[in-house]
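Quick note on the working numbering: the sequence shown kicks off at 3 and runs consecutively. Here a beta-carbon is modelled for each residue, glycine too, at the ideal position from N, C-alpha and C. What follows is one structure encoded as C-alpha coordinates, with my remarks underneath.
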Amino acid sequence: MDQTRVSPSAPPDVENAGPKGNLSFSEQSIRSRFVTKVFILVTIMFAIVAIMCAMPYIFPSFKIWVQANMVFFFVSIGVFFVTSLVLLCCTSVRRSYPMNLIALAIFTLAAGYMTMAATSAYDVQSMLLALCMTTGSSAAIIVFAIFVKKDLTT
(Lines of atoms letter the chains of each structure in order from A; the text may use other names.)
(Lines give C-alpha, C1' and ligand atoms only; values in the text may rest on other atoms or scores of the structure.)
Protein backbone atom coordinates (compact mmCIF):
# COMPACT_ATOMS: atom_id res chain seq x y z
CA MET A 3 0.00 0.00 0.00
CA ASP A 4 1.27 3.46 -0.89
CA GLN A 5 2.12 5.42 2.26
CA THR A 6 2.55 8.93 0.85
CA ARG A 7 2.42 11.76 3.35
CA VAL A 8 -0.20 14.41 2.78
CA SER A 9 -0.35 17.58 4.78
CA PRO A 10 -3.40 17.75 7.06
CA SER A 11 -4.55 20.98 5.41
CA ALA A 12 -4.44 19.51 1.89
CA PRO A 13 -7.80 18.85 0.27
CA PRO A 14 -8.66 15.20 -0.20
CA ASP A 15 -8.04 13.48 -3.52
CA VAL A 16 -11.70 12.81 -4.22
CA GLU A 17 -11.10 11.01 -7.50
CA ASN A 18 -8.90 8.35 -5.92
CA ALA A 19 -9.78 8.08 -2.25
CA GLY A 20 -13.07 9.88 -1.90
CA PRO A 21 -13.88 12.77 0.41
CA LYS A 22 -13.04 12.83 4.10
CA GLY A 23 -15.53 11.38 6.55
CA ASN A 24 -18.49 9.29 5.57
CA LEU A 25 -19.64 11.51 2.71
CA SER A 26 -20.03 9.74 -0.59
CA PHE A 27 -20.85 10.88 -4.10
CA SER A 28 -23.44 8.13 -4.14
CA GLU A 29 -25.62 10.20 -1.79
CA GLN A 30 -28.46 11.96 -3.61
CA SER A 31 -28.03 15.30 -1.82
CA ILE A 32 -24.33 15.54 -2.67
CA ARG A 33 -24.92 14.68 -6.32
CA SER A 34 -27.76 17.18 -6.47
CA ARG A 35 -25.59 19.99 -5.07
CA PHE A 36 -22.79 19.04 -7.46
CA VAL A 37 -25.11 19.12 -10.48
CA THR A 38 -26.52 22.46 -9.33
CA LYS A 39 -23.03 23.97 -9.01
CA VAL A 40 -22.01 22.64 -12.42
CA PHE A 41 -25.13 24.05 -14.08
CA ILE A 42 -24.65 27.42 -12.39
CA LEU A 43 -21.08 27.54 -13.71
CA VAL A 44 -22.18 26.50 -17.21
CA THR A 45 -24.95 29.13 -17.12
CA ILE A 46 -22.43 31.84 -16.23
CA MET A 47 -20.15 30.69 -19.05
CA PHE A 48 -23.09 30.63 -21.47
CA ALA A 49 -24.14 34.14 -20.43
CA ILE A 50 -20.63 35.51 -21.00
CA VAL A 51 -20.48 33.98 -24.49
CA ALA A 52 -24.00 35.21 -25.30
CA ILE A 53 -23.13 38.76 -24.22
CA MET A 54 -19.96 38.66 -26.30
CA CYS A 55 -21.92 37.42 -29.33
CA ALA A 56 -24.43 40.24 -28.93
CA MET A 57 -21.79 42.98 -29.05
CA PRO A 58 -21.35 43.07 -32.86
CA TYR A 59 -25.11 43.42 -33.28
CA ILE A 60 -25.42 46.17 -30.67
CA PHE A 61 -22.44 48.13 -32.02
CA PRO A 62 -22.26 47.90 -35.85
CA SER A 63 -18.85 49.58 -35.94
CA PHE A 64 -17.53 46.84 -33.64
CA LYS A 65 -18.92 44.23 -36.04
CA ILE A 66 -16.94 45.81 -38.87
CA TRP A 67 -13.82 45.85 -36.68
CA VAL A 68 -14.21 42.17 -35.73
CA GLN A 69 -14.63 41.16 -39.37
CA ALA A 70 -11.66 43.28 -40.46
CA ASN A 71 -9.27 42.03 -37.76
CA MET A 72 -9.43 38.26 -38.13
CA VAL A 73 -6.00 37.87 -36.53
CA PHE A 74 -7.71 38.03 -33.13
CA PHE A 75 -9.99 35.19 -34.21
CA PHE A 76 -6.97 33.00 -34.93
CA VAL A 77 -5.31 34.04 -31.67
CA SER A 78 -8.46 33.06 -29.80
CA ILE A 79 -8.39 29.65 -31.50
CA GLY A 80 -4.82 29.16 -30.27
CA VAL A 81 -5.67 30.30 -26.74
CA PHE A 82 -8.73 28.02 -26.78
CA PHE A 83 -6.69 24.94 -27.72
CA VAL A 84 -3.81 25.71 -25.34
CA THR A 85 -6.21 26.26 -22.45
CA SER A 86 -8.06 23.06 -23.37
CA LEU A 87 -4.82 21.09 -23.32
CA VAL A 88 -3.76 22.65 -20.02
CA LEU A 89 -7.10 21.73 -18.43
CA LEU A 90 -6.92 18.21 -19.85
CA CYS A 91 -3.27 17.44 -19.13
CA CYS A 92 -2.25 19.45 -16.06
CA THR A 93 -3.81 17.95 -12.98
CA SER A 94 -2.32 20.65 -10.77
CA VAL A 95 -4.16 23.36 -12.70
CA ARG A 96 -7.40 21.41 -12.99
CA ARG A 97 -7.61 20.56 -9.28
CA SER A 98 -6.35 23.73 -7.59
CA TYR A 99 -9.10 26.15 -6.66
CA PRO A 100 -8.10 29.53 -7.98
CA MET A 101 -6.19 28.17 -10.98
CA ASN A 102 -9.05 26.08 -12.33
CA LEU A 103 -11.39 29.09 -12.33
CA ILE A 104 -8.75 31.31 -13.96
CA ALA A 105 -8.15 28.70 -16.68
CA LEU A 106 -11.90 28.30 -17.15
CA ALA A 107 -12.32 32.08 -17.46
CA ILE A 108 -9.58 32.25 -20.12
CA PHE A 109 -11.19 29.28 -21.90
CA THR A 110 -14.61 30.97 -21.80
CA LEU A 111 -13.30 34.30 -23.11
CA ALA A 112 -11.44 32.58 -25.96
CA ALA A 113 -14.50 30.52 -26.87
CA GLY A 114 -16.62 33.66 -26.62
CA TYR A 115 -14.40 35.61 -28.99
CA MET A 116 -14.31 32.72 -31.47
CA THR A 117 -18.09 32.47 -31.38
CA MET A 118 -18.48 36.25 -31.59
CA ALA A 119 -16.24 36.46 -34.66
CA ALA A 120 -18.04 33.57 -36.34
CA THR A 121 -21.54 34.84 -35.59
CA SER A 122 -20.74 38.38 -36.73
CA ALA A 123 -21.01 37.08 -40.30
CA TYR A 124 -24.69 36.16 -39.84
CA ASP A 125 -27.85 38.25 -39.60
CA VAL A 126 -29.54 39.12 -36.31
CA GLN A 127 -32.63 36.94 -36.83
CA SER A 128 -30.74 33.67 -37.21
CA MET A 129 -28.58 34.45 -34.18
CA LEU A 130 -31.61 35.30 -32.04
CA LEU A 131 -33.27 32.06 -33.09
CA ALA A 132 -30.15 30.06 -32.16
CA LEU A 133 -29.86 31.94 -28.86
CA CYS A 134 -33.48 31.29 -27.93
CA MET A 135 -33.26 27.59 -28.82
CA THR A 136 -30.04 27.10 -26.86
CA THR A 137 -31.28 29.08 -23.87
CA GLY A 138 -34.57 27.20 -23.82
CA SER A 139 -32.97 23.77 -23.95
CA SER A 140 -30.39 24.73 -21.31
CA ALA A 141 -33.09 26.13 -19.04
CA ALA A 142 -35.14 22.94 -19.42
CA ILE A 143 -32.15 20.80 -18.42
CA ILE A 144 -31.37 23.03 -15.44
CA VAL A 145 -34.97 22.99 -14.20
CA PHE A 146 -35.12 19.22 -14.63
CA ALA A 147 -31.82 18.68 -12.78
CA ILE A 148 -32.76 20.94 -9.87
CA PHE A 149 -36.43 20.16 -9.30
CA VAL A 150 -37.00 16.57 -10.41
CA LYS A 151 -36.30 14.09 -7.64
CA LYS A 152 -35.68 11.22 -10.07
CA ASP A 153 -31.98 10.38 -10.19
CA LEU A 154 -30.89 9.47 -13.71
CA THR A 155 -27.24 8.83 -12.79
CA THR A 156 -27.80 5.44 -11.15
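For the pair F83 and Q30, the Cα-to-Cα distance works out to about 35 Å. Selection I60, I108, I53 and C134 evaluated against S78 yields I108 as nearest (Cα-Cα).
Every alpha helix (DSSP H) of 4 residues or more that sits fully in the stretch 34-90 is shown, in chain order, as 62-70. Its chain contains S140 and I144 as the residues whose beta carbon lies nearer than 8 Å to that of T45, once the 5 sequence neighbours on both sides are disregarded; these appear in chain order. Boundaries of the alpha helix (DSSP H) around A119: Y99 to T121. Nearest C-alpha to M72 among T121, K151 and K152: T121. Nearest neighbour of F76 by Cα position, chosen from A119, I32, V150 and C91, turns out to be A119. The criterion of a C-beta distance shorter than 8 Å is not satisfied by Q69 and A112.
Under the three-state reduction of DSSP, C134 is assigned to helix. Straight-line measurement puts the Cα of K151 at about 13 Å from the Cα of V37.
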